[in-house]
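First the structure, in the form of structure tokens, and then the observations on it.
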Amino acid sequence: MPHLRRYAVFGGVYSNHLALEAVLKDAARRGAEAVYCLGDLGGFGPHPDRVFPILLDHGVHVLQGNYDYAIGHGLPDCGCGYTDPRDNHYARLSYNYTRARTSERWWPYLRSLPPLIRTEWAGQRVLMAHGSPRRVNEFLWESTSPDAFLRRLLRDHQADVLLVSHSGLPWQRRLPGEQGGLVVNVGAIGRPANDGRTEVWYALLTVDTEVRAELVPVAYDEERLAHEMRQEGLPQEFVETILTGWWTTCLEILPPRERSRGRF
Amino acid sequence: MPVALPLLEQVLPVLTEAEACEVPFQGLDTLWLQLTGTLCNLACRHCFISCGPHDDRVPVMSLSRIEALLAEAEELGVKEYYLTGGEPMLHPAFFDVLERVLKQGPTTVLTNGLLIDEVAAGRFRSLFERAAYSLDVRVSLDGMTAAENDVVRGRGTFARIVAGIHALSRAGLSPVLTVVEHSAGLAAEAARQRFLAFARSLGLKQPRVKFLPLVRIGRGARHTGRQGAEEAVREPVPAEGMASLQCSNSRLATEQDVRVCPILLDAPHARLGQTLREAHRPVRLRWASCATCVYEGLSCRT
Ligand code: SF4
Ligand code: SF4
Ligand SMILES: [Fe+2]
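Okay, here's the thing in structure tokens:
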């Protein structure tokens with residue numbers, strides 16, 4: 161009987177240092193022996209500098225999201241891949257705030273993060289990426305990622321298990337057919353998943369003879385985060401999302417199926 | 137889309153193979169199916185493929201052709217599908233085809249909305265709910281009033297399109313409204329906001345609007361008075377710009393062949409072969425419309 165191992169994988173911290181602490185605590189309680197972060201450390205939330213020491217203290221393996229690349233290189237925008245003017249307006253607000261408040265000492269760290277992480281679990285080739293293995297800001301939504309396309313990604317990038325984030329909504333799929341394959345979007349821990357609950361989501365991977373994923377909701381002190389966001393002058397729309405669990409911005413990127421489940 | 141023959145000089149390449157820059161092919165992400173060829177129940181003034189009610193230059197797709205393309209697309213790992221025409225809902229097996237395509241991937245239907253009645257809206261709704269992947273409906277409109285729209289799309293069309301949108305919204309769907317920028321400044325943010333407000337007034341709860349630049353081929357060219365050789369992509373395009381062009385990751389399939397991109401339905405030199413695999417190769421930016429893509433960021437995708 162092979163030894164059972166557990167790993168925690170999360171993404172989209174978006175400066176939510178309170179959720180980050182809650183997720184790390186939850187992962188430890190569930191016996192995760194290593195923790196991975198799929199990028200986008202800043203954006204949306206308050207006090208971007210607070211997440212770095214937490215990640216370092218816990219030895220989290222971090223890869224580089226589009227936000228981390230942009231802040232690390234001092235780019236003029238976050239490269240999130242929004243197409244709508246309203247989405248871009250809010251993206252700009254949070255990017256400018258985050259860029260101004262991320263101390264220069266963390267820029268080299270952000271620049272040094274790897275774009276992909278590869279490892280092997282139970283003989284399975286595991287590939288972690290921010291958006292997709294081929295593009296850092298590609299959105300992999302459940303309703304717009306057909307099996308055949310995911311199979312192609314696994315094939316092109318030599319992987320059996322693919323873990324991604326960036327889009328902010330968690331889902332997982334075991335691909336039918338001989339080739340098999342597991343794809344998990346671990347969601348984001350920086351803001352709720354547009355499901356009317358205030359918890360945030362991460363993935364717990366269990367490995368024995370195979371790799372299985374469980375998507376785990378985690379509660380944290382969202383009132384306190386909302387308070388900090390208000391004090392920092394972040395948009396009321398963002399605060400509302402934190403307190404209600406419904407997205408109020410970035411709605412245009414959602415496929416119609418995912419959007420129809422939300423309030424806005 | 138009408139009887140009017142395509143004006144050949146407008147779909148002929150404006151650059152030679154050697155002059156035009158090459159766009160590498162990055163794999164087939166988006167497959168456009170020209171479901172009804174050039175058959176349409178309208179004959180809009182700006183139609184870039186000059187479709188119409190009696191136009192069978194490009195024939196309606198047979199079910200066997202659709203199956204063959206889908207089988208190939210599955211192997212190639214296509215990410216998304218678009219059903220277009222002409223008016224795709226004129227296809228005799230439209231909803232069966234849509235259901236079939238949705239089994240394989242997310243699908244967007246590009247329609248002029250004329251054929252969307254209560255029954256059709258209900259069928260869209262049930263596919264939207266049941267299908268494994270996302271269904272999106274895109275309705276073309278050319279203004280917020282009959283006066284604005286009807287000069288382009290034809291007399292009386294505004295009321296009929298709006299009725300179609302109403303039917304969708306009553307069925308709980310929020311189609312994307314597509315507007316061609318046929319008058320200056322319509323894409324400006326203020327106009328966009330007005331259009332969104334208009335969409336909400338039609339009962340759409342989660343309104344979305346897509347502005348398309350006018351493509352300068354087909355009737356669109358006559359309409360703008362601009363002609364082929366005046367515009368072409370003569371400068372090298374940076375790699376990033378190349379990757380955002382549809383021809384780098386999309387193809388248009390018809391009953392007879394596979395073409396460079398959804399814009400070049402009519403262009404005789406834009407044929408890449410009969411199968412998707414044959415079309416799996418780089419193309420060159422030889423057409424006047426390429427300037428619209430490169431310099432105005434035209435993409436037909438939602
Ligand atoms: S623009 Fe669309 S609706 Fe109008 S004629 Fe062309 S295909 Fe038909
Ligand atoms: S018209 Fe646009 S998509 Fe088509 S070949 Fe030219 S640049 Fe590419
Ligand atoms: Fe991201």
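Residue numbers (the numbering used here), protein chains in the order written: chain A, 161 to 424; chain B, 137 to 438.
Virtual Cβ for every residue (Gly too), placed ideally from N, Cα, C.
Bear in mind that the values here come from a model prediction, so they are computed numbers and not experimental data.
Exercise. Alpha helix (DSSP H) containing Thr428/B: first to last residue?
Worked result: Numbered from its first residue, the second sequence carries residue 428/B at position 292. Its alpha helix (DSSP H) spans residues Ala424 to Glu432.
Problem set entry | Within-8 Å CB hit, Tyr431/B to chain A | In the second sequence, residue 431/B corresponds to position 295, counting from 1. Not a single C-beta of chain A is nearer than 8 Å to the C-beta of Tyr431/B.
For this session: Can you give me, in chain order, the residues of the segment 289-312 of chain A that have a beta carbon less than 7 Å from any beta carbon in chain B?
Result: Going along the segment 289-312 of chain A in chain order, one finds Ser303, Thr304, Pro306, Ala308, Phe309, Arg311 and Arg312 with a Cβ nearer than 7 Å to chain B.
Exercise. Anyone know if the C-beta pair for Cys157/B and Val396/B falls short of 8 Å?
Worked result: Looking up residue 157/B in the second sequence gives position 21. Looking up residue 396/B in the second sequence gives position 260. Note that the C-beta distance between Cys157/B and Val396/B is not below 8 Å.
Exercise. When you compare only the Cα positions, how much space is there between Val394/B and Ile413/A?
Worked result: Working through the second sequence from its first residue, we reach residue 394/B at position 258. Working through the first sequence from its first residue, we reach residue 413/A at position 253. Approximately 29 Å between the Cα atoms of the pair.
Exercise. Can you name the start and end residues of the alpha helix (DSSP H) that Arg190/A belongs to?
Worked result: Indexing the first sequence from 1 puts residue 190/A at position 30. Secondary structure note for Arg190/A: it is in no alpha helix (DSSP H), with a DSSP letter that is neither H nor E.
For this session: Could you check how far apart the C-beta atoms of Cys187/B and Gly221/B are, in whole angstroms? I think they sit under 8 Å.
Result: Position 51 of the second sequence, counted from the first residue, corresponds to residue 187/B. Position 85 of the second sequence, counted from the first residue, corresponds to residue 221/B. About 7 Å separates the beta carbon of Cys187/B from that of Gly221/B, a gap short enough to meet the 8 Å contact definition.
Exercise. Among all the DSSP beta bridges, which residues are the ones paired with Cys197/A?
Worked result: Here residue 197/A refers to the residue found at position 37 when the first sequence is read from its first residue. Looking at the DSSP assignment, Cys197/A forms a beta bridge with Phe170/A and Val222/A.
Problem set entry | Gln150/A, enclosing beta strand (DSSP E) - first and last residue | Outside the shown range of chain A, which is 161 to 424, sits residue 150/A, and nothing can be said about it.
For this session: Would you list, in chain order, the members of the segment 403-422 of chain B that have their beta-carbon closer than 9 Å to a beta-carbon of chain A?
Result: With the criterion set as a beta carbon lying under 9 Å from some beta carbon of chain A, the segment 403-422 of chain B has no members that meet it.
Exercise. What's the gap between the Cα of Ser276/B and the Cα of Ser305/B?
Worked result: The count along the second sequence starts at 1 and reaches residue 276/B at position 140. The count along the second sequence starts at 1 and reaches residue 305/B at position 169. Cα-Cα distance, rounded: 15 Å.
Problem set entry | Interface partners of Arg417/A on chain B, CB under 7 Å | On the first sequence, residue 417/A is found 257 positions in, with the first residue counted as 1. Contact of Arg417/A with chain B by beta-carbon distance below 7 Å involves Ser270.
For this session: Compare the beta carbon distance of Gly241/B and Glu223/B with 8 Å and say whether it is the shorter of the two.
Result: Stepping through the second sequence from its first residue, residue 241/B is reached at position 105. Stepping through the second sequence from its first residue, residue 223/B is reached at position 87. No, the pair does not count as a contact, with Cβ atoms beyond the cut-off.
For this session: Name the residue from Leu314/A, Ser263/A and Arg294/A whose alpha carbon lies nearest to the alpha carbon of Gln284/A.
Result: By 1-based counting over the first sequence, the position of residue 284/A is 124. Ranking the options by Cα distance to Gln284/A, first place goes to Leu314/A.
Exercise. Taking the alpha-carbon positions, what's the Thr314/B to Asp165/B distance?
Worked result: Against the second sequence, residue 314/B aligns to sequence position 178. Against the second sequence, residue 165/B aligns to sequence position 29. Take the alpha-carbon of Thr314/B and the one of Asp165/B: they are about 22 Å apart.
Exercise. Shortest alpha-carbon distance to Asn261/A belongs to which of Leu394/A, Leu329/A and Arg421/A?
Worked result: The sequence position of residue 261/A within the first sequence is 101, counting from 1. Note on residue identity: the sequence assigns Arg, not Asn, to residue 261/A. The residue among Leu394/A, Leu329/A and Arg421/A with its C-alpha nearest the C-alpha of Arg261/A is Leu394/A.
Exercise. From Gly77/B to Val287/B, what does the alpha carbon distance come to, in whole angstroms?
Worked result: Here chain B covers residues 137 to 438 and nothing more, so residue 77/B does not appear.
For this session: Quick one: residues in its chain with C-beta nearer than 7 Å to the C-beta of Ala406/B, no 5 flanking neighbours on either side, listed in chain order?
Result: Here the question's residue 406/B lines up with position 270 in the second sequence. If we look at Ala406/B and ignore the five residues flanking it on each side, its Cβ neighbours are Arg395, Val396 and Leu400.
Problem set entry | DSSP-derived helix/strand/coil call for Lys346/B | Numbered from 1 along the second sequence, position 210 holds the residue referred to as residue 346/B. Reduced to three states, the DSSP call for Lys346/B is strand.
Exercise. Taking a cut of 7 Å between CB atoms, which residues from the segment 238-271 of chain A lie near chain B?
Worked result: Answer in chain order: Pro245.
For this session: Just the C-alpha distance for Thr360/B and Pro349/B, rounded to the nearest angstrom, thanks.
Result: Within the second sequence, residue 360/B is the residue found at index 224, counting from 1. Within the second sequence, residue 349/B is the residue found at index 213, counting from 1. Low per-residue confidence applies at Thr360/B: pLDDT is 48, beneath 50, and the placement is therefore not dependable, though the value from the model is reported in the following sentence. Using only the alpha carbons, I get a separation of about 12 Å.
For this session: Examine chain B for any beta-carbon lying closer than 8 Å to the beta-carbon of Glu412/A, and answer yes or no.
Result: As a position in the first sequence, residue 412/A is number 252, starting the count at 1. For Glu412/A, the answer is yes, since a Cβ of chain B falls inside 8 Å of its Cβ.
Exercise. Quick one: what does DSSP say Leu411/A is sitting in, helix, strand or coil?
Worked result: The sequence position of residue 411/A within the first sequence is 251, counting from 1. Leu411/A falls in the helix class under three-state DSSP.
Problem set entry | Sheet register partners of Trp281/A (DSSP bridge) | As a working mapping, residue 281/A is identified with position 121 in the first sequence. Paired residues: Gln284/A.
Problem set entry | Contacts around Leu397/A, its chain only, beta-carbon distance under 6 Å, and the 5 residues preceding and following it disregarded | Residue mapping note: residue 397/A aligns to position 237 of the first sequence, counting from 1. The question names Leu, but residue 397/A is Glu in the sequence shown. For Glu397/A, the CB contacts under 6 Å within the same chain, skipping 5 residues up- and downstream, are Thr408 and Thr409 in chain order.
Exercise. Taking 8 Å as the CB-CB cut-off, is Arg344/B touching chain A?
Worked result: For the purposes of this step, residue 344/B is taken as residue 208 along the second sequence, with counting starting at 1. At a cut-off of 8 Å between C-beta atoms, Arg344/B counts as an interface residue with respect to chain A.
Exercise. Along the chain, which unbroken stretches of the beta strand (DSSP E) at least 3 residues long are found entirely within the segment 265-337 of chain B?
Worked result: Segments of the beta strand (DSSP E) lying fully in the segment 265-337 of chain B: 271-276 and 312-317.
Exercise. Do Val273/B and Pro311/B have their C-beta atoms closer together than 8 Å?
Worked result: Reading the second sequence from its first residue, position 137 is the one you call residue 273/B. Reading the second sequence from its first residue, position 175 is the one you call residue 311/B. A contact, by the Cβ cut-off of 8 Å.
Exercise. Is Cys383/B near ligand 2, with its Cβ less than 7 Å from a heavy atom?
Worked result: Counting from one through the second sequence, the residue named residue 383/B turns up at place 247. Correct: Cys383/B has its Cβ closer than 7 Å to ligand 2.
For this session: Flag this pair as touching only if the segment 192-203 of chain B and the segment 222-239 of chain B have three or more C-beta atom pairs under 8 Å; answer yes or no.
Result: Contact holds: three or more Cβ-Cβ distances are below 8 Å.
For this session: Go ahead and label Asp186/A buried or exposed: buried means 16 or more other beta carbons lie within 10 angstroms of its beta carbon, across all protein chains shown.
Result: Locating residue 186/A in the first sequence gives position 26, counting from the first residue. Result: buried.
Problem set entry | According to DSSP, residues forming a beta bridge with Cys170/B | As a working mapping, residue 170/B is identified with position 34 in the second sequence. This sequence places Gln at residue 170/B; Cys is not what is there. Gln170/B has Thr220/B as its beta-bridge partners, per DSSP.
Exercise. Pairing CB atoms from the segment 262-282 of chain A with CB atoms from the segment 366-378 of chain A, are three or more of them under 8 Å?
Worked result: Segments in contact, yes.
For this session: Less than 8 Å between the CB atoms is what I'm expecting for Pro219/B and Val245/B, so what's the real figure, rounded?
Result: What you label residue 219/B is simply residue 83 of the second sequence in a count that begins at 1. What you label residue 245/B is simply residue 109 of the second sequence in a count that begins at 1. Reading the sequence as shown, one finds Leu at residue 219/B and not Pro. The beta carbons of Leu219/B and Val245/B sit about 5 Å from each other, so the pair counts as a contact at 8 Å.
For this session: Examine ligand 3 and report whether any of its heavy atoms sits within less than 7 Å of the Cβ of Ala240/A.
Result: Locating residue 240/A in the first sequence gives position 80, counting from the first residue. Rather than Ala, the amino acid found at residue 240/A in this sequence is Cys. Correct: Cys240/A has its Cβ closer than 7 Å to ligand 3.
For this session: With a cut-off of 8 Å on the beta carbons, I'd call Val296/A and Val169/A a contact; round off their distance for me.
Result: Counting from one through the first sequence, the residue named residue 296/A turns up at place 136. Counting from one through the first sequence, the residue named residue 169/A turns up at place 9. With a beta-carbon spacing of about 17 Å, Val296/A and Val169/A fall beyond the 8 Å limit used to define contacts.
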